[in-house]
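8 protein chains.
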Amino acid sequence: MVMSEYDATDGVAQVGDFARLDLARLARTGMAETVYCAGKTPEQAVAIFAAFARAGQAALGTRCSAAVGAAVEAAVPGARYEAVGRTLQLPGAKRPVHGQVAVCTGGTADLPVAEEAAQTAAFFGAEVVRFYDVGVAGLQRLLGQLEAIRRADVVIAVAGMEGALATVLAGLVEVPVIAVPTSVGYGAAFGGLAPLLAMLNGCAEGVSVVNIDNGFGAAAQACRMLRLRNKE
Amino acid sequence: MVMSEYDATDGVAQVGDFARLDLARLARTGMAETVYCAGKTPEQAVAIFAAFARAGQAALGTRCSAAVGAAVEAAVPGARYEAVGRTLQLPGAKRPVHGQVAVCTGGTADLPVAEEAAQTAAFFGAEVVRFYDVGVAGLQRLLGQLEAIRRADVVIAVAGMEGALATVLAGLVEVPVIAVPTSVGYGAAFGGLAPLLAMLNGCAEGVSVVNIDNGFGAAAQACRMLRLRNKE
Amino acid sequence: MVMSEYDATDGVAQVGDFARLDLARLARTGMAETVYCAGKTPEQAVAIFAAFARAGQAALGTRCSAAVGAAVEAAVPGARYEAVGRTLQLPGAKRPVHGQVAVCTGGTADLPVAEEAAQTAAFFGAEVVRFYDVGVAGLQRLLGQLEAIRRADVVIAVAGMEGALATVLAGLVEVPVIAVPTSVGYGAAFGGLAPLLAMLNGCAEGVSVVNIDNGFGAAAQACRMLRLRNKE
Amino acid sequence: MVMSEYDATDGVAQVGDFARLDLARLARTGMAETVYCAGKTPEQAVAIFAAFARAGQAALGTRCSAAVGAAVEAAVPGARYEAVGRTLQLPGAKRPVHGQVAVCTGGTADLPVAEEAAQTAAFFGAEVVRFYDVGVAGLQRLLGQLEAIRRADVVIAVAGMEGALATVLAGLVEVPVIAVPTSVGYGAAFGGLAPLLAMLNGCAEGVSVVNIDNGFGAAAQACRMLRLRNKE
Amino acid sequence: MVMSEYDATDGVAQVGDFARLDLARLARTGMAETVYCAGKTPEQAVAIFAAFARAGQAALGTRCSAAVGAAVEAAVPGARYEAVGRTLQLPGAKRPVHGQVAVCTGGTADLPVAEEAAQTAAFFGAEVVRFYDVGVAGLQRLLGQLEAIRRADVVIAVAGMEGALATVLAGLVEVPVIAVPTSVGYGAAFGGLAPLLAMLNGCAEGVSVVNIDNGFGAAAQACRMLRLRNKE
Amino acid sequence: MVMSEYDATDGVAQVGDFARLDLARLARTGMAETVYCAGKTPEQAVAIFAAFARAGQAALGTRCSAAVGAAVEAAVPGARYEAVGRTLQLPGAKRPVHGQVAVCTGGTADLPVAEEAAQTAAFFGAEVVRFYDVGVAGLQRLLGQLEAIRRADVVIAVAGMEGALATVLAGLVEVPVIAVPTSVGYGAAFGGLAPLLAMLNGCAEGVSVVNIDNGFGAAAQACRMLRLRNKE
Amino acid sequence: MVMSEYDATDGVAQVGDFARLDLARLARTGMAETVYCAGKTPEQAVAIFAAFARAGQAALGTRCSAAVGAAVEAAVPGARYEAVGRTLQLPGAKRPVHGQVAVCTGGTADLPVAEEAAQTAAFFGAEVVRFYDVGVAGLQRLLGQLEAIRRADVVIAVAGMEGALATVLAGLVEVPVIAVPTSVGYGAAFGGLAPLLAMLNGCAEGVSVVNIDNGFGAAAQACRMLRLRNKE
Amino acid sequence: MVMSEYDATDGVAQVGDFARLDLARLARTGMAETVYCAGKTPEQAVAIFAAFARAGQAALGTRCSAAVGAAVEAAVPGARYEAVGRTLQLPGAKRPVHGQVAVCTGGTADLPVAEEAAQTAAFFGAEVVRFYDVGVAGLQRLLGQLEAIRRADVVIAVAGMEGALATVLAGLVEVPVIAVPTSVGYGAAFGGLAPLLAMLNGCAEGVSVVNIDNGFGAAAQACRMLRLRNKE
């Protein structure tokens, strides 16, 4: 395979012939490039995490299979795999955030997505409090937790099926709500389309939405918000 | 236009060359055939309602324009047009129902659909109580009305946008909830698709759904339910 | 995993760190919380059913795999698994319903969904009569059963493909028809979209619809209707 | 506008700079080219029908507005416009068909599409019998006409909403059923998508489908079938 | 499982507790009920075919797996399984058709669907001629076969991807063309949606369409057409 | 019209029989209830804004037609209508925010949506800087403005068509990006579906999305973020 | 309206407060920025074209209404409006292309889109030859023109409905085919979705596709191809 | 299986009873027929490649599984399989192209599609340069390569998710850009629909699009463009 010649100024590191790591991203956006592990072989993942380790940067992998997780844990000292949220975490240089993120879910089945969000936010330094299985079909479960939820600086609402949790929460708290539709459900849920549309349509005043099952994206956006508190 | 020859036994009345009224429906299903007025000319509507009047049967028209309403009011004694819900009502023989129907809406813009439901249910004899603008974005509006809503025998939940009202209500009352998605909204509401999918996915335990904007269908189903109370 | 602190008043029982059982639901809505077993591990399911057993409440699991069913049968005395409808049934306190539910299907392939509906309705105390393989492509099969179907208080119409069974039935009986589209079919059935749309569009006068393959939801709604007969 | 040079052998006639009439189609396929009038100016339509008149060929226009119809009637002797089915008919040479076509509709609102089919079939020589407003929500209307419908050689089933008419008819007659979904309906009818999907999914044994609102296409296909009776 | 009591007049035979065979269909529509084998267990299939054998009726199974095919061949004398088209054929009483059916495909991958059509048509007595891999991307392959295709009484056009074969054929022959979209393709083919829409939109004059991959449906419709030649 | 009896505690004000204002929302969520004016009559809008004026609360109307705007300006002292962004602004008590919001658009046609966002943010006290027509088809337009954009605390990216602006911006700034897809475009833009999907899929690290054309929603979310800077 | 301060280096010209013209595009990509006129007021269009005139650059407007066209013709000397293709042409500096473009259409109704393509290509200097109404339903119309079409360097295939023209052409010529689906059609054409999908699926070997009705885009791409002939 | 009789003039070779090779395609369109290997058995693939080998023509297989690849390599001398791009290459007579093709990808996961494109272009004689992982989320990766990319005669942009790479590239280079959406992504990517729509909508001036994951189609179109340089 012939790759064009170029020099790696501007913080871009070439890994094998398949990836170009944006090592300057940390300085530029406040957050290191995250590694989307789905579809990568264990060898590719090891090479990428090893490059981050060499650069002394913290790195986070998402959608990581157990096999890839084990390979990187074995090859890259310090790397740690979390099975439920499927994240792979490498400690190192990062610009930490401060503040509390509440991660709420409609049901038990939303847990993997919620854990991806929670582990991501914690990795970047946020304090994370979990409120799981507080869906709107049984409102008192939610209302009973409300006081605690209101303490958070950002709320992440993870829900499949009808996805109403985000709207209801946004009407009850003052802080930004980030909605994560999940592919939990069947039939007319159409792989997460139903809660996605519901969340987009109920999003007046205080809700914005990320992709279906994108717990990482919600946490990353939450961290950008938390950083505002320190911005001059 | 050549129509095939046939005799009108079995309770079917031929009206002009364009409609065949199922006059036996009242006896068979407990409810006269309803007239879907959209796309009918004033002349066609007058002919149909006159036929019901001749048969002494009550008749209900839905999706009725002001022009068609005025024409029938002028030509058929007793017929009455209601503008907001766009119904046309002809008193006469019907099998009345007994019980209370609560019609709830998420917002003000859902009113035409809600009124179609309310007027239909009232036409067939139900006691109707309206709870409008009690959407879940401001939960206390809904919770403040809850005691009154719980008195109803059937709840009709009319909502556009994210359509969460039906699920939340079903978790708070014991009686059947009939969900009516509306085409209120814009963008990713896709003409009512968003609340339709939301209502179908949140419908475990006590919610069933009718077509987008189909206030009539919800009320007709509510009346069938009320009739169960008298069934032996 | 850090969960926020709270006390379990209001009838909510925390199970492990993954679920919050709404034990007050029985008193509030007349029906215990149902356990959606898809995506739950055998360990999670056992913990949840054991909690219901400790509370002395009846519990129903749906979408239950054989493995989960066997685990719960082994661990929780009294629990019973039904393979075709994939339900898991735990006897105990419940508020029973009275009346007859007719479960009709268009074809043989709709059987799992129909059995989910039938087993659910029977679990809550309804008398269930099955009319399977009476689709409209051979009308005389349906018409031959009509007298028996008319005896029911509620009719559940389960059909895939063109989904016409619900509309035809609603024109022939007086009681409410609950339509369940199924994902049976291929090509332009699009996983149940075709019968779902057909049932929503044919639903004037006496049909309301639940999610694709949601036999449980149809039965739960039927039970709410049957309870109307005892409501004051 | 520069058009490439070519000679008009092979039966193609150039009309102005916007159309190329396939005058050999009559000999090749048994049916003259039909003129789809939507989007054509009156001047373009007049030029096209005049060209057919000069060639002595019969011609049929569909989707013809009243304005275009009047213009052609005024300019081309013998041309006749039918308002309900929006067809424009020019007598002349054609290869006639023999046999009877039954045109059935689910409701009154399907009439324009049904008339397009009926006028097209009659134009080409078929005997047409109309069975309008025989939808499956009131089965006895259909069953009362069944004996007459069975006399036809081909059945065209025109229906919107749930579109079940085609499947039910195909189970009751021996001859081919051509299904025409219509855009009649609202909400989840999605402009005819619902009956289209329903008809495609119920089409085992004896149903094939044409485009939404395509009454012409159904009649043209019916005529091809009738011609089989004379084929050697 | 409790089934309602009924007697099997009207030609309906109960098989086990899962199917009701419409044995009168042969007399009523000219074609025995076909058995859709997908989703049926070998035991169910054997029971059904044995019932047809007892009644002396020919029977055709479609979408039949190799396992089901082997089971029926072993248990029901005379039954024969065809692997490519996945049909299961039981000789016996049937009303044969006369005439020739041309089965054309756009590509090699459409073969299973085409064979389902060809085997079905042959089973009911039609003479079948195959024209495979004559797609429009290489027109001369099609034009070279045109004379032979024109001899057929009905043309079945089987194609995936862009599905243009049906329109092109309909412009070249006089007889009815039945279009079968296939799920062959990838990406924006969306499981056969692309050729389905293409065939519906190109279907003026002589094309009607069946469901995606429904070779059986096309052949059954072709047989109804062939029967017209004998109709009085 | 019969409305159920209730007292207006909890900050809910009944307006006529069509709306229930949530006057306690300001205290609860930091932002007064916004009035969605589409579908409201001038009389309804006047009544609602007059109620806010009586309560001394600031109020913001969106999707306001010129006619409704003029009626409210005439009837409610202090109300002001902005035509491009279609907002209606009533000064009064509100909890102001502090910080800078950058509103960027891909093209000129996105202006009405962008102005809705800009006017909303300004109404609640944010400093707003506009960067219009900086779409990615001409990158240097965007790069030339980058330094200025980076000064903002929140970036709102408004774009139709391919919607790439949000992703590109998020890679260049540190602060949260809120993406607003617009219905600008034609053909395969499908009313804003294309940029909506693009923005959801490119939303890793720092992008969250609101409904199509929902400039208001983006600004409201931006204000919640700005408020985080003062949160303890 | 406050716009951020910036200086217009890099060839960007600010027009009013609504547009930023990329005057350096001509040098950078070989083609001046085109003006998408839909949604622009006459005043905005006049200002933009006047700016191009001042810069001495040629400019092309597309999707231009008659009103906007007249306003610009009146205000900007040399500007010329073409009604059918809705283009607005301003002569001036441009980098001309050399070679022949064949613009083919399936039917007469595709003419506005085809003319947009033809006028665009001619504006940039290509020789354009039109082959209109050569759709595949009458193959001999196309085959009769084939020799002339083969002389072109690039073929643009404009077609609605089933969109097969592009695939058929690509199998008959050696040069690149650019496919333009049009929104011509009805029913299951779904606004151009059907031909779009068809063209994407038939695009192996020599077809690439632009947006629905995007005649301009096809011609612009054709011009880039023609420029390859002069590239070193 | 009965195939119709015909003689193989016109360059069509019959292979077994399942394929008809268009050996005249090379002379007619400049490129041999490509073999779409998905769904073909090893035996069928061997037979087809052996036929090309006998004819002395070069042949290219795409979407080829490892098993099919190994079978053909073993049976047909000279055939070579490339695993990443899943191509199967048989040297032989072909009409080579001249020029350089740049293959760019948004991310690492797009590699299989990109390699299909690169291997195809190289097979037909183009010089191929790869620019992988240069997505727009980190613009400097792309800008750092821009000078090299600009040397190419044609650019192929392969991207999933938001698909913005094509638009951004087209604004930076002068040559044609061919966009290949990929099915990389999840959730609202809907199998490649999101980048497909984005690429179609951003395609003004210099972008045309092929099917999702169709690397081959992009390269084939690129080769047609390169051939223009030699056309007279």
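Chains as they are written, first to last, in the numbering used here: chain A, 3 to 234; chain B, 3 to 234; chain C, 3 to 234; chain D, 3 to 234; chain E, 3 to 234; chain F, 3 to 234; chain G, 3 to 234; chain H, 3 to 234.
All C-beta atoms, glycine included, are put in the ideal place defined by N, C-alpha and C.
Run of the beta strand (DSSP E) containing residue i, from where it starts to where it stops
i	result
Ile-158 of chain F	156-161
Gln-239 of chain F	There is no way to answer for residue 239 of chain F, as the model of chain F reaches only from 3 to 234.
Gln-16 of chain E	14-17
Cys-106 of chain H	102-107
Whole-angstrom C-beta distance between residue j and residue i, which should lie under 8 Å
i	j	result
Val-115 of chain D	Val-17 of chain D	About 28 Å separates the two Cβ atoms, so there is no contact after all.
Gly-108 of chain H	Leu-167 of chain H	5 Å
Spatially closest choice to residue i from the options, by CA coordinates
i	options	result
Ala-47 of chain H	H:Gly-58, H:Gln-147, H:Ala-68 and H:Lys-233	H:Ala-68
Ala-221 of chain E	E:Val-105, E:Glu-149 and E:Gly-208	E:Val-105
Ala-76 of chain A	A:Gln-91, A:Leu-198 and A:Arg-65	A:Gln-91
Gly-140 of chain F	H:Val-103, H:Glu-207 and H:Ala-190	H:Glu-207
Ala-224 of chain G	H:Gly-219, H:Val-177 and H:Pro-197	H:Val-177
Phe-126 of chain G	G:Thr-36, G:Leu-144, G:Thr-110 and G:Ala-161	G:Thr-36
Met-236 of chain H	H:Cys-39, H:Leu-23, H:Arg-97 and H:Ala-55	Lying outside 3 to 234, the shown extent of chain H, residue 236 of chain H is not represented and no answer is given.
Ala-15 of chain G	F:Arg-143, F:Thr-110, F:Val-170 and F:Ala-81	F:Arg-143
Gly-204 of chain A	B:Gly-137, B:Gly-80 and B:Ala-124	B:Gly-137
Ala-52 of chain G	G:Gly-87, G:Arg-65, G:Ala-73 and G:Ile-151	G:Ala-73
Glu-164 of chain E	E:Glu-149, E:Ile-50, E:Ala-123 and E:Gly-187	E:Gly-187
Other residues of its chain near residue i: CB distance less than 6 Å, five sequence neighbours each side excluded
i	result
Glu-84 of chain E	Gln-121
Met-5 of chain C	Because the pLDDT of Met-5 of chain C is 37, which lies under 50, any placement of that residue in the model is unreliable, and the number read from its coordinates should be weighed accordingly. Result list for Met-5 of chain C: Asp-19, in chain order.
Leu-198 of chain E	Pro-183 and Ile-214
Phe-218 of chain D	Thr-64, Glu-118 and Thr-122
Val-131 of chain D	Ala-104
Proximal residues of chain A, C-beta to C-beta of residue i below 8 Å
i	result
Thr-169 of chain B	Val-138, Ala-139, Glu-164 and Ala-166
Residue span of the alpha helix (DSSP H) that contains residue i, given as start and end
i	result
Thr-64 of chain B	It is not in any alpha helix (DSSP H) - Thr-64 of chain B instead sits in the beta strand (DSSP E) that spans 61-64.
Pro-114 of chain B	113-125
Glu-149 of chain B	148-151
Leu-228 of chain B	217-229
Within chain E, the residues that residue i reaches when beta carbons sit closer than 8 Å
i	result
Ile-214 of chain H	Tyr-188, Gly-189 and Ala-190
Per-residue contacts from residue i into chain G (C-beta, under 9 Å)
i	result
Leu-283 of chain D	The first residue shown for chain D is 3 and the last is 234, placing residue 283 of chain D beyond what the model contains.
Under 8 Å by beta carbon: chain G residues contacting residue i
i	result
Gly-208 of chain H	Thr-31, Met-33, Ala-222, Gln-223 and Arg-226
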